[in-house]
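Numbering (the working numbering), first residue to last: 6 to 60. The beta carbon of each residue, even a glycine, is placed where N, CA and C say it ideally should be. Remember, predicted model here, so these are calculated numbers, not experimental data. See structure below.
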Amino acid sequence: MAKYVVFLHGHASARVEVEAGDLQEANRKAVEVAPRTKYVRSWTPVMGSKIEGGK
């Protein structure tokens, strides 16, 4: 078995080291081992707009 370093972009760019027989298996194991992160989407609404009259 070889040691692979897998970068998972869907997990906040997590870097995971796993031992696997091939690259596909390494990717599969990395997803299982990756730390679980709860994402919270937040936003700030624009509270007003500037309305200009005719010139």
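Handout entry: Of the listed residues Asp-27, Lys-8 and Val-23, nearest to Ala-39 (C-alpha basis)
Key = Counting from one through the sequence shown, the residue named residue 39 turns up at place 34. Ranking the options by Cα distance to Ala-39, first place goes to Val-23.
Practice task
Look at Val-21 and Leu-28 and say whether their C-beta atoms are less than 8 Å apart.
Solution key: As a working note, residue 21 is residue 16 in the sequence shown. As a working note, residue 28 is residue 23 in the sequence shown. Annotated as distal: Val-21 and Leu-28, with beta-carbon spacing of 8 Å or more.
Practice task
Could you check which residue in Ala-31, Ser-18 and Ala-35 has the C-alpha nearest to that of Met-6?
Solution key: Within the sequence shown, numbered from 1, the residue matching residue 6 stands at position 1. Nearest to Met-6 by C-alpha distance, out of Ala-31, Ser-18 and Ala-35, is Ala-31.
Exercise for the section: Buried or exposed for Val-11, please, with buried defined as at least 16 other CB atoms from any protein chain shown within 10 angstroms of its CB. Expected result: Your numbering for residue 11 matches position 6 in the sequence shown. Classification of Val-11: buried, given that the 10 Å Cβ count is 16 or more.
Practice task
Grab the span of the alpha helix (DSSP H) containing Arg-20 for me, first residue to last.
Solution key: Taking the sequence shown and counting its residues from 1, one reaches residue 20 at position 15. Looking at the DSSP string, Arg-20 is not in any alpha helix (DSSP H); the run it does join, the beta strand (DSSP E), is 19 to 25.
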